[in-house]
Structure formats: C-alpha cells, structure tokens
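Using the numbering used here, read the sequence shown as starting at 35 and increasing by one per residue.
Single-structure report; data block below.
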Amino acid sequence: MLQAAQERLLQSAHDCSEGGFSVCLAESCIADKEKLLGAQVDYACGLRADRILFSESQSRVVVSVRAENLERVKAVASQHHVPLAEIGRVGGDKLRINDTIDVDVYAMCEAYYEALRRCMEG
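Next up, the structure:
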C-alpha cells in the first residue's frame, strides 16, 4: 500500500489495530467532523461476525479509492502479493456492515466527540 500511497491512488487508509474492522470503519466515517461520510460494506468470509468486526490486526488496512484508480490499486497490490478485496462503497449518512451494523454517522460523531464533555458535566 506504500506504493499506492506514493502514487496518490488512495483517498484514505486506516489500520484495524485498535478495535478491529468495525472500529476502523466507524473512525473513518467520522474522521472529519465537517464532512461525515457513511459507508455500505458487505463481506462474506465464513467467519463469525464478532471475529470479523472486532479482531485487531496491525497488518490489515482498509483503504478507499476513486473508481478510476481501483484497477491500478489492484495491480499494485497484486505486484506486491498483498491480498485485496473490494468490500463496499463510501457515501450516504449511515455505516452499514452486512446485516449486523446500521448506524447513523451523525449519531456516531456526537457520541464519539461529545462523550468526555458529557461525562465531565455529570
């Protein structure tokens, strides 16, 4: 993915090291409070949902790319023997992961960024 980043093919990249796949996606959706982005993700891998959603992995990265760059990113990944799977689309105002998660990005943003303030206010 380093080469893809150097070629400026990636819109975003986030590892799955803290909280796993679902936390990676949620943080990506609310990373820019001024421009929240939803995502529709579908995966089929035969593993239990909790293992997919919350298994932490420092070497697993979720990237987003423009449609016109997808084939080049696939080629770069293949060249370096990096497994790559197209899992969804960015857009909308909800994070949807299969039939398991369906959350409004504005609600996620408010919960994430306002939690400490609410705790301190009692």
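Yeah, the Cβ is synthetic: ideal placement off N, Cα and C, and Gly gets one too.
This structure is a prediction, so every number in the text was calculated from the model and none was measured.
query                                                                                                       : result
Contact the region 106–117 vs the region 47–63: 3+ CB pairs below 8 Å                                       : no
Cross-strand partners of Gly122 (DSSP beta bridge)                                                          : Val75
DSSP state of Ala47 mapped onto helix, strand, coil                                                         : strand
Within-8 Å CB hit, Cys153 to chain C                                                                        : Here chain C cannot be found, since the structure has a single protein chain.
Close beta carbons around Val99, own chain, < 7 Å, minus the five adjacent residues each side               : Leu43, Leu44, Gln45 and Val107
Through-space distance from Cys143 to Glu68, alpha-carbon basis                                             : 10 Å
Of the residues Val95, Tyr140, Gly156 and Gly122, the one placed nearest Ala78, counting alpha carbons only : Gly122
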